[in-house]
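Following: one structure in structure tokens, then a few remarks.
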Ligand code: HEM
């Protein structure tokens, strides 16, 4: 008789199918007590929680990669794969809403009243995703009801911290966030071959910003001259003011004049590095960083689309009534889609890009060859 181990694994044991299928009972002890629409409602939410779980894992891995003090060039492909999967997950999450839209308003109202004050804002994993991404909670988090923090919504009904809030607090303590890690990585990116440890780095960065802004001014002025020559006279002043503002805003953005003086040199370097990567992406060392930035914008776009898609689904099912969590409902959801941006700088860089032939020539290009290993 052979001593070879017997292969006894089954699909149902490995996937834990029995346990999985026993979880759709909601508040009832038995699923048979629920209408099929309510089972759909519960199941769809559970599937979302599973997507969120996977998204958290990939986001954590991507964060860990960029949080290293030296990010190895040869590991960039692996980090990009994590971001690519995040993108797929968020796209799938948006595409998953039609299933819940099979519920009519009347179907949902059959069981909605028993949900109060339960609501999606109590999804710890969703909040964890926002926090790990680096959503600027202090500055932009919208309250459900005036003054109430998002943390209050996560408390258990008896006021205790409970499982959800504990998870979220642990995530808040888990630093750096993905955004902080990307910021630090961008901050270290060579600009004109110079890194922040060099004494003349600020001067070199500023010289590059000046050269770039001159190119930007030229691009917008040329365009404005052409456009203004062909518009009706009464429209010209408004359009001219817009083009002038665009020139001014580019300078304001790259010089980081919107942030306080203490944070300005850091922000200026981060923004300039993001621009540098974007415009000189053909330099070998910048090819992967450019891919990373592009993927981050794509992931954020998918996240925003998810928020918008959720809002339209909610409007279709409940109209504009107050949410089960007490927020203004669809109005609140639309505001989050509009206001919540995690990487505003990466989006803003797109506004200031100019045609390739107008770009200043990069200097010290010998610094941008590939390096293997760390
Ligand atoms: C009948 C279907 C649904 C309706 C009518 C609906 C409606 C709403 C409303 C009105 C809010 C604002 C909070 C409040 O209740 O006052 C909310 C929040 C939320 N919902 Fe839904 N929802 C539905 C299904 C889902 C599904 C399937 C998910 C997937 C996980 C989900 C995830 C969330 C999340 C994460 C929030 C918090 C959003 C934030 O604060 O940024 N919802 N939902």
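In the working numbering, the protein residues as written are 56 to 429.
Think of the CB as a built atom: it goes at the ideal place given N, C-alpha and C, for glycine as much as any other residue.
Contacts around residue i, its chain only, beta-carbon distance under 7 Å, and the 5 residues preceding and following it disregarded
i           : result
residue 332 : 244, 341, 344, 345, 348
residue 257 : 320
residue 266 : 415
residue 140 : 113
residue 380 : 172, 174, 176, 199, 208
residue 81  : 89, 93, 97
residue 15  : No information on residue 15 is available, as it lies outside the stretch 56 to 429 that the chain covers here.
residue 391 : 197, 362
residue 400 : 325, 326, 329
residue 409 : 270, 271, 274
residue 429 : In this predicted model, residue 429 has a pLDDT of only 45, less than 50, meaning its place in the structure is not dependable enough to derive any value.
DSSP state of residue i mapped onto helix, strand, coil
i           : result
residue 149 : helix
residue 246 : strand
residue 419 : coil
residue 175 : helix
residue 275 : helix
residue 72  : helix
residue 398 : coil
residue 344 : helix
residue 77  : coil
residue 386 : helix
residue 431 : Because residue 431 is not part of the residues shown, which for the chain are 56 to 429, the question remains open.
residue 404 : helix
residue 62  : coil
residue 217 : helix
residue 338 : coil
residue 375 : coil
residue 360 : helix
residue 392 : helix
residue 232 : coil
residue 349 : helix
residue 413 : helix
residue 429 : Note that residue 429 scores a pLDDT of 45, beneath 50, so its modelled location is shaky and nothing firm can be said.
residue 200 : coil
residue 252 : coil
residue 266 : helix
residue 209 : coil
residue 289 : coil
Whole-angstrom C-beta distance between residue j and residue i, which should lie under 8 Å
i           : j           : result
residue 278 : residue 226 : Actually they are not in contact, since the Cβ atoms of residue 278 and residue 226 sit about 45 Å apart, beyond 8 Å.
residue 309 : residue 407 : 7 Å
residue 211 : residue 217 : 4 Å
residue 311 : residue 297 : About 23 Å; that fails the 8 Å criterion.
residue 364 : residue 149 : 4 Å
residue 268 : residue 306 : 5 Å
residue 110 : residue 236 : Not quite, the Cβ-Cβ distance comes to about 17 Å (not below 8 Å), so this is no contact.
residue 388 : residue 403 : Contact doesn't hold; Cβ gap of about 24 Å is too wide.
Contacting residues, own chain, Cβ-Cβ under 6 Å from residue i (five flanking each side not counted)
i           : result
residue 259 : 247, 249
residue 382 : 199
residue 134 : 117, 120
residue 142 : 353, 354, 357
residue 182 : 223
residue 302 : 272, 275
residue 334 : 414
Chain-order list of residues whose beta-carbon lies under 8 Å from that of residue i (same chain, five-residue window excluded)
i           : result
residue 60  : none
residue 338 : 417, 420, 423
residue 262 : 247
residue 377 : 383, 384
residue 350 : 135, 138, 139, 142
Using 8 Å as the Cβ pair cut-off and three pairs as the minimum, do the segment 155 to 171 and the segment 359 to 374 touch?
yes
Stretch pair the segment 356 to 367 + the segment 274 to 290: three plus CB contacts closer than 8 Å:
no
Can you check the segment 83 to 161 for any alpha helix (DSSP H) of at least 4 residues that lies completely inside it and give the ranges in chain order?
91 to 121, 131 to 150, 152 to 155
Please go through the segment 291 to 316 and give each complete alpha helix (DSSP H) segment of 4 or more residues, from N-terminal end onward.
291 to 309
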